[in-house]
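Position 238, counted from 1, in the sequence shown is what the working numbering calls 248; the numbers after and before it change by one each time, with no gaps.
No residue lacks a Cβ here, since even glycine has one placed at the ideal position from N, Cα and C.
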Amino acid sequence: MRKPAVSTKRAVLASVSAALALVCALVLAIPTTRDGLFQAWCSLSDGAGCAGGPVSPGRDLDENDWRLPLPPLQAATWGNYFALGDSYSSGDGADDYLPGTAVADGCWRSANAYPEKIADTYDFAGDLAFLACSGQRGNAMLESLGTTDSQLDRVTAHASLVTIGIGGNDLGFTSVLKTCMLRVPLLDSGACIGQEEEIDRRMGAFEETFEELIGEVRDRAPDARVVVLGYPRLFPTEPTGMYYTLTSSDQVWLNETVERFNDQIRAAVDITDTEIAEAGQTGSVEFVDVYDALAGHEVGSEDPWVNGVLLRDLTEGLKIDRSTFHPNAAGQEAVGERVRERIEAGPGRTLYVSRATVENASPDVLASEVR
């Protein structure tokens, strides 16, 4: 009785195998389902040919096309990761600073900063070039081109991911906050909100700066996913009282200023990425909304994810420490989670990279570009 059972099983297996072969053939013949099949292959093959592994052009829609379509995660991880920006990206305020960076006029790069967490989360084929620096301004990034201090000049063609958070120092957020806080309460009630006209002027000037910055990144890394971060809200949406010398209306105004600036950056990003897609270019420019990433853990809350007022050098008078109103380690983790969501979701359109660039992304080439 056992032999017929074995024969029956073999027949069933043969039928199933034939059916699967037919389904695969049909799926491969239908262009719109190839990405789904490719992602399924990634899962079934333990990642062979997926993020961090070799890329097989044979799975492309058209082997004669100079572009290679990739799923979001693979499009972000086939090469090196460059992290650019200011103190909100360097992790100033998050402790555990990297050797040599926690010094006067240093970059204050933290092991808790979101770029370090992103690099640890995903299997990049290359490595992390952590370049974000406390105090960095967008216009200074442009002015430093051609010097050894340039963040932009470190970005290379085999970058698969570039994150950048910039603009707060161009708007003078630090000086704005100092003006808001270093005053006698109620005697100068307009000191904070009275800066709005100057803030608007600086926002207008930053529009051109930002466009040039993204252009410089794209010139150097046209195949990269360029992920641009906004800034988080620092205060509750409905403050219940004063925070030091900041009135409830001051806190609301500061929140609204951050939101307006984020909206400006988002609009510029959307326009740029639309142009990339319409021109059939490789890479992308994408916005990450972190405005409410600290919700429930703002300044003054029971469990803040952002540093409140930190004072220093009291012997020389009242001075506010540079990491005041910067995310702590928990805040950086919350920001990093938003970045991870964007990396995995993508921009909602097909992402392309240059075949030639990806095929040239050998371990030696990748290592040489972040060394």
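Item, Value
"Backbone CA spacing between MET213 and VAL363 [nearest angstrom]", "33 Å"
"7 Å Cβ shell around GLY103 - same chain, five flanking residues per side excluded", "ASN317, SER333, HIS336, PRO337, ASN338"
"Boundaries (first-last residue) of the alpha helix (DSSP H) holding TYR98", "97-100"
"For VAL300, the nearest candidate out of GLN84, LEU83, SER99, THR87 (CA to CA)", "SER99"
"Other residues of its chain near PRO373: CB distance less than 6 Å, five sequence neighbours each side excluded", "none"
"CB of GLU226 within 9 Å of CB of LEU162, strictly", "yes"
"CB contact flag (PHE220, ALA150, <9 Å)", "no"
"Contact belief for THR87 with TYR132 at Cβ below 8 Å, rounded distance in angstroms", "5 Å"
"In DSSP terms, what GLU296 is bridged to", "VAL237"
"GLU217 beta carbon near the ligand ATP (any heavy atom closer than 8 Å)", "Judged by which ligands are present, the structure shown has none, so any question about the ligand ATP falls away."
"Beta-carbon proximity check, ARG228 vs VAL236, cutoff 9 Å", "yes"
"Complete beta strand (DSSP E) runs within the segment 102-173 (minimum length 3 residues, chain order)", "138-140"
"Under 9 Å between C-beta atoms of ARG393 and ASP96", "Look at the range of the chain in this structure, 11 to 381, and you will see that residue 393 is not part of it."
"ARG352, buried or exposed, once every other Cβ within 10 Å from all chains shown has been counted against 16", "buried"
"Cα-Cα separation between LEU108 and LEU141, rounded to whole angstroms", "12 Å"
"Secondary structure of VAL316, DSSP reduced to three states", "strand"
"Straight-line Cα distance separating PHE92 from TYR124", "12 Å"
"Test item: CB-CB of THR121 and LEU171 under 9 Å", "One point to set straight first is that residue 121 is Ala, not Thr, in the sequence displayed. In this structure, LEU171 does not lie closer than 9 Å to ALA121 by Cβ."
"One or two residues paired with GLY175 in a DSSP bridge", "GLY95"
"Pair within 9 Å by beta-carbon distance, LEU223 and LEU152", "yes"
"Beta carbon proximity, GLY177 to chain D, threshold 9 Å", "The chain labelled as chain D is not found in the depicted structure, where only one protein chain is given."
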